[in-house]
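J.: Taken in order, these protein sequences are the chains called A and B.
Position 81 of the first sequence, counted from 1, bears residue number 80 in numbering that gives the first Met the number 0, the numbering being contiguous throughout.
Position 71 of the second sequence, counted from 1, bears residue number 70 in numbering that gives the first Met the number 0, the numbering being contiguous throughout.
Here's a structure for you.
There are 2 protein chains.
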Amino acid sequence: MSDDVFKALADHTRRTILDELAERDGQTLFEICGRLLTKHGLNTSRQGVSQHLALLEAAGLVETRRDGRYKFHHLDTRPLEHLTDRWLVPEQSGESS
Amino acid sequence: MSDDVFKALADHTRRTILDELAERDGQTLFEICGRLLTKHGLNTSRQGVSQHLALLEAAGLVETRRDGRYKFHHLDTRPLEHLTDRWLVPEQSGESS
DNA sequence: TCGACAGGCAAGGAAACACTTGCCTATGCT
DNA sequence: AGCATAGGCAAGTGTTTCCTTGCCTGTCGA
């Protein structure tokens with residue numbers, strides 16, 4: 000369900016995290032924290048960012064990859080592709096039900 | 000800002016309201032209430048639905064038109080059109096900043 | 001092996017959110 | 001005029017959400 004995706008996108012910090020990953024994919028938690036602070040002025044604690052990332056991962060928007068003590072976060076935009084189609088496509092041609 | 004749009008879409012009941020308006024545009028508050036109940040099993044109170052509609056209107060997703068004692072709600076999908084483009088278009092060509 | 005680094009787990013608090021109840025205004029019908 | 005209908009306003013409640021603090025596990029370099 001795209002239910003979690005909508006919830007994930009509801010928060011401003013999470014959307015900024017997605018922005019960051021879109022600009023530079025595969026960042027670690029500490030990298031993301033640093034960039035949120037320096038580039039966006041968001042000084043959320045490491046745990047805060049970690050919880051956001053967990054939520055984004057649960058929504059399928061972020062995929063993680065472990066390597067040693069580093070954990071890299073990758074953006075997956077597929078859940079976003081047809082998110083709003085249910086409203087944008089009024090009645091394309093013949094759509095029953 | 001699309002900030003309010005994301006917030007508006009975060010709630011399941013509000014998304015269902017948009018579904019309803021997409022299927023039949025220009026419904027009144029009572030109509031929406033009735034359809035939420037019968038078609039979706041959501042028995043939210045009239046005030047609850049009214050507050051949701053106010054939020055949707057603040058987000059620019061719903062436009063209202065008064066006629067006598069009736070208030071008709073119309074769906075406006077324009078705020079949804081390029082909502083997720085910022086992530087779906089990776090780096091189209093040269094994007095500074 | 002020791003310490004620094006990357007990250008995780010869990011409890012707690014403050015604020016935002018969804019929803020309800022109670023009362024009020026305004027329009028339309030008879 | 002009188003009443004029912006459509007909707008609005010405002011306060012109150014319970015839940016969710018965001019964020020923090022404190023401590024723990026695991027990995028790497030000297």
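Yeah, the Cβ is synthetic: ideal placement off N, Cα and C, and Gly gets one too.
In chain B, which residues lie with their C-beta within 8 angstroms of the C-beta of A:A9?
T.: Simply F5, K6, L8, A9.
J.: Spell out a yes or no on whether the region 67-81 of chain A and the region 35-47 of chain A are touching, meaning 3 or more CB-CB pairs, one atom from each, closer than 8 angstroms.
T.: At 8 angstroms Cβ cutoff, the stretches do not touch.
J.: I want to see whether chain A comes within less than 8 angstroms of B:R85, judged by CB atoms only; does it?
T.: Yes, B:R85 counts as interfacial toward chain A.
J.: Would you please verify whether the beta carbon of A:E80 is less than 8 angstroms from any beta carbon of chain B?
T.: Yes, A:E80 lies at the interface with chain B (some Cβ there is under 8 angstroms from its Cβ).
J.: Is there at least one Cβ from chain B nearer than 8 angstroms to A:T76's Cβ?
T.: Yes, A:T76 lies at the interface with chain B (some Cβ there is under 8 angstroms from its Cβ).
J.: Does any residue of chain B bring its CB to less than 8 angstroms from the CB of A:R14?
T.: By this cut-off, A:R14 is an interface position.
J.: For the beta strand (DSSP E) that B:L8 lies in, which residues bound it at each end?
T.: That residue, B:L8, is in no beta strand (DSSP E); its alpha helix (DSSP H) goes 2-8.
J.: With a threshold of 8 angstroms, are at least 3 pairs of Cβ atoms found where one atom belongs to the region 62-76 of chain A and the other to the region 24-33 of chain A?
T.: Verdict: yes, contact present.
J.: With three or more beta-carbon pairs closer than 8 angstroms as the criterion, would you say the region 0-18 of chain A touches the region 5-24 of chain B?
T.: Result yes; three or more Cβ-Cβ pairs closer than 8 angstroms.
J.: Output yes or no for whether 8 angstroms exceeds the beta carbon distance between A:E19 and A:L36.
T.: Contact flag unset, no.
J.: Counting only Cβ-Cβ distances shorter than 8 angstroms, please list the residues of the region 55-72 of chain B near chain A, keeping chain order.
T.: Answer in chain order: no residues at all.
J.: Using alpha carbons as the reference points, say which of B:S1, B:R85, B:T76, B:G67 lies closest to B:D24.
T.: Considering only alpha carbons, the answer is B:T76.
J.: In the structure shown, what three-state DSSP assignment does A:D48 receive?
T.: According to the sequence as given, residue 48 of chain A is Val; it is not Asp. Looking at A:V48 - three-state DSSP - the assignment turns out to be helix.
J.: Could you give the DSSP three-state label for A:R64: helix, strand or coil?
T.: Here A:R64 sits in strand by DSSP.
J.: Can you name the residues of chain B whose CB is closer than 9 angstroms to the CB of A:L17?
T.: Simply R85, W86.
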